[in-house]
Amino acid sequence: MRRWRHRLLVLGTAAAATLAAAGPPPPAATPDTRRSSLLDMQPATQALQRDDGLNPGWLWLKGGEQDFQRDCVRCHTPASLHGVAPRYPAWDEVLGKPLTLQGRIQQCRVRHLKAAPLAAESDALLGLETWVAHTSRGQPIAPPADARLQAWRQRGEALFHQPLGQLGLSCAQCHDQRAGGRLAGSVIPQGHPTGYPLYRLEWQGMGSLQRRLRNCMTGVRAEPFAPGSEEYTALETWLMHRAAGMPLETPAVRP
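FYI, the numbering for the sequence shown is 18 to 272, going by our numbering.
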């Protein structure tokens, strides 16, 4: 009996020493509380997005597909576009600055097709951007690991936290601090750019992320940045970094 007690004591001491050497258990992973704005929408709006036969953004998507087949297939195939949209904004070597996906489409037209850029917020431009983004639907947002983008991310983050307009509100005050609350009866979303271009019932049409940012700025009674400005590019660079890992939904539907 004493021999067994001695063995148990030795085993217990050895186990305690092993646990002490291993140190405390690692902390539990912080849960990802980010959520798509889709989850904050009414069931009828969610149903519009989830049913490709009902989603009104498909009208723009199909137009973009036709334009792609006419102009872009000389350089690209639909399969080559898979995974492209989640990596924008990305650095452009010629311009020496990042380009949004929309900006890349415009540069492709100018450099390779020798054509004029499409009008901002035009159906043609939104259609092409929707088509390209849709080919990566369901894939996680994956900003490039490019050190040259860091300054742009930081600039965008600063703008995200900067109070603007006569109301003195920042993006972060609504979409970080008050996300999940209500404004005029509607849920305040976290504001992730997972579905752009998207169809907005209020607009009765498609719109880009820049259009939505302009709406927010006018909502706080601020002067919007110039269309296509570096400020919008910086904000988009930060927002895509903030949403890294979340799946693309293009074309999304919102109220």
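Built from N, CA and C at the ideal position, the CB exists for glycine as well.
Practice item. Could you check what DSSP says for Ala175 in three-state terms: helix, strand or coil? Key: The DSSP-derived three-state label of Ala175 is helix.
| Is the distance from the Cβ of Arg154 to the Cβ of Glu253 below 8 angstroms? | Taking C-beta atoms as the reference points, Arg154 and Glu253 fail to come closer than 8 angstroms.
Rounded to the nearest angstrom, what separates Phe242 and Leu256 at their Cα positions? Each residue's Cα considered, the two are about 17 angstroms apart.
Straight-line Cα distance separating Pro214 from Arg142: For the record, residue 142 in the displayed sequence is Leu; it is not Arg. Going by C-alpha positions, Leu142 is about 10 angstroms away from Pro214.
Using 10 angstroms around the beta-carbon of His99, count the other beta-carbons present and answer buried if the total reaches 16, otherwise exposed. Classification for His99: exposed.
Subject >> Coarse secondary structure for Tyr105, derived from DSSP in three states >> reply: DSSP places Tyr105 in coil when its eight states are reduced to three.
* To do: Tell whether a beta-carbon distance below 8 angstroms holds between His178 and Ala260.
  => The Cβ atoms of His178 and Ala260 do not sit closer than 8 angstroms to each other.
#### Entry: alpha helix (DSSP H) segments (min. 4 residues) lying fully within the segment 179-229
Correct list: empty.
Exercise for the section: List the endpoints of the continuous beta strand (DSSP E) containing Pro115. Expected result: For Pro115, the uninterrupted beta strand (DSSP E) segment begins and ends at 114-116.
(Q) What does DSSP give as the partner residue(s) for Pro157 in the beta ladder? (A) Answer by DSSP bridge pairing, in chain order: Pro264.
- [ ] Indicate the three-state DSSP secondary structure (helix, strand or coil) for Arg271 in the structure shown.
- [x] DSSP places Arg271 within a strand segment (E or B) once states are collapsed to three.
Task: Anticipated Cβ contact below 8 angstroms, Val90 with Leu118, distance rounded - done: Between Val90 and Leu118, the beta carbon gap of about 18 angstroms keeps them out of contact (Cβ cut-off 8 angstroms).
- Message: I'd like the span of the alpha helix (DSSP H) that includes Gly80, first residue to last.
- Response: Per DSSP, Gly80 belongs to the alpha helix (DSSP H) from 74-84.
| request: Quick one: using the 10 Å Cβ neighbour count with 16 as the cut-off for buried, is Arg128 buried or exposed? | output: Sixteen is the threshold: since fewer than 16 other Cβ atoms of the shown chains lie within 10 Å of the Cβ of Arg128, the residue is exposed.
**Asked** Do the CB positions of Val237 and Gly182 come within less than 8 angstroms of each other?
**Response** In contact: Val237 and Gly182 (Cβ atoms closer than 8 angstroms).
In the DSSP assignment, the alpha helix (DSSP H) including Val149 goes from what residue to what residue? Start and end: 140-151.
**Study point:** Helix, strand or coil at Ala38 according to DSSP, with G and I counted as helix
**Key:** Any reading at Ala38 must be qualified, since the residue scores a pLDDT of 45, below 50, and its modelled position is unreliable; the value itself is stated next. DSSP places Ala38 in the helix class (H, G or I) of the three-state scheme.
Would the segment 80-87 and the segment 107-122 be scored as touching if the rule is three or more Cβ pairs under 8 angstroms?
-> Segments in contact, no.
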